[in-house]
Amino acid sequence: MDSSDYPDYVNSVSEFIPDEALQFMRASWHYDHSDKRCPHDSRIKNLSILEESLGDFRVNNIHISLLGAYENTIELFYSNVFTYSIEKKKCEWPDDDYSHGDWLIDEILLSSDNFLMHEIIFTDAIINIKCKNISYSIV
Numbered sequence: 001m002d003s004s005d006y007p008d009y010v011n012s013v014s015e016f017i018p019d020e021a022l023q024f025m026r027a028s029w030h031y032d033h034s035d036k037r038c039p040h041d042s043r044i045k046n047l048s049i050l051e052e053s054l055g056d057f058r059v060n061n062i063h064i065s066l067l068g069a070y071e072n073t074i075e076l077f078y079s080n081v082f083t084y085s086i087e088k089k090k091c092e093w094p095d096d097d098y099s100h101g102d103w104l105i106d107e108i109l110l111s112s113d114n115f116l117m118h119e120i121i122f123t124d125a126i127i128n129i130k131c132k133n134i135s136y137s138i139v
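Read left to right, the sequence shown gives residues 1 to 139 (this note's numbering).
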């Protein structure tokens, strides 16, 4: 989606999005690279998949801890994860770097079945998570 259309898109689907995720989607600092809360240029410190009991069923949650561009810690928590994928590409440079690289851009969309779909593009990886809610915090 063209980034200039994103605020209008978020407003058009806001009634279907949980408050925590909506705050992150609407945050003026979300794409402001000069703000330390912006995830741009952050790097993955830890990514955990948590499978938990919920009555007779089990649910998946994902926690991502990032080292922010300003050396701060950024936490993302995805609850009730429906699907996820991580595509890791080979680093082009330097040859001995095996990281996911820097967070370049992300987008959160609402699926036709009312799940949130978050795509995060790193220098050398792409993470896609489809879930019911997303929370974001600075530690």
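Using N, Cα and C, we set each Cβ at its ideal position, and we do this for glycine too. Predicted model only: the values in this text are computed from it and were never measured.
How is the alpha helix (DSSP H) around residue i delimited, first residue to last?
i	result
D8	Y6 to V13
F24	D19 to R26
For residue i, tell me which candidate among the options has the shortest Cα-Cα distance.
i	options	result
Y6	L110, I138, C131 and D19	L110
F16	S112, I127, I120 and E119	S112
I126	D95, D8 and Y84	Y84
G68	D19, S12 and N46	N46
E119	S99, Y78, E92 and K90	Y78
S14	G101, Y98, F115 and S53	F115
R26	I108, T123, N128 and H100	I108
F82	S34, N128, Y70 and D19	N128
Can the beta-carbon of residue i be found less than 8 Å from the beta-carbon of residue j?
i	j	result
R37	L66	no
I49	I62	yes
I134	I74	no
W103	D41	yes
F24	Y136	yes
H100	K90	no
Measure how close the beta-carbons of residue i and residue j come, nearest whole angstrom, since I'm counting them as under 8 Å.
i	j	result
M117	K132	Actually they are not in contact, since the Cβ atoms of M117 and K132 sit about 11 Å apart, beyond 8 Å.
D106	I86	No, D106 and I86 are not in contact; Cβ-Cβ is about 14 Å, not under 8 Å.
N72	V59	Incorrect: roughly 29 Å between the Cβ atoms, too far for contact.
For the beta strand (DSSP E) holding residue i, just list the boundary residues, first then last.
i	result
Y98	Where Y98 is concerned, there is no enclosing beta strand (DSSP E), given that its DSSP letter is neither H nor E.
E92	No beta strand (DSSP E) contains E92, which DSSP labels as neither H nor E.
F122	L116 to F122
D106	W103 to L110
S137	N133 to I138
Residue ranges of each beta strand (DSSP E) within the segment 30-81, 3 or longer: Complete beta strand (DSSP E) runs here, min 3: 43-54, 57-67 and 73-79.
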